[in-house]
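Student: In our numbering, the protein residues as written are 316 to 481. Note that the Cβ used here is the ideal one computed from N, Cα and C, for glycine as well. Predicted model only: the values in this text are computed from it and were never measured. Before I ask anything, here is the structure I am working with.
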């Protein structure tokens, strides 16, 4: 089905705005995935602050021009499902990776983060990034461990000095 020029311009503008605001992008091939499964994927993505769109390859190339996602131009072949993470850089990668476990025909092609190309077999690098809250809790546990060790050391020194004085 032919798309009018105005519609193509609108799609490019929409995807370009999403790309400019995004932290990372993941490209996948969703051929053979059922409509119900795709609806579930889109719902999960919306809840996680991920913009998902099926885009024609030529329009996708034009949409990512001038953004840090130009490195993905070579993977825009065949049916293209592109997802931009807006709130957390690993959100789209994590969602796509989990979705691919239950879908044999869903194939992650590549990702991009901070202008760097990430191959499909290295998607775990992006998918395992901790969220903001996870990073804060990890930092707090490290700080808590260090302060409690300091407190125990000071208490041991105090007890030793008291024992020597007595």
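By Cβ distance, which residues of its chain are closer than 8 Å to residue 472, with the 5 residues on each side in sequence left out?
Tutor: The answer is none, since no qualifying residue turns up.
Student: Roughly how many whole angstroms lie between the Cα atoms of residue 476 and residue 460?
Tutor: Rounded to the nearest angstrom, the two C-alpha atoms are 25 Å apart.
Student: Where does residue 385 sit, in a helix, a strand or coil, going by DSSP?
Tutor: Correct three-state label for residue 385: helix.
Student: Which residue wins for smallest C-alpha separation from residue 326, given the options 367, 419, 421, 447?
Tutor: Checked all of 367, 419, 421, 447; the closest Cα to residue 326 is 367.
Student: Is residue 428 helix, strand or coil when you go by DSSP?
Tutor: Correct three-state label for residue 428: strand.
Student: On a Cα-Cα basis, can you pick out the residue from 406, 336, 390, 384 that is closest to residue 361?
Tutor: The option with the nearest alpha carbon to residue 361 is 406.
Student: Check residue 337 in the structure and name its three-state DSSP category.
Tutor: Three-state result, residue 337: coil.
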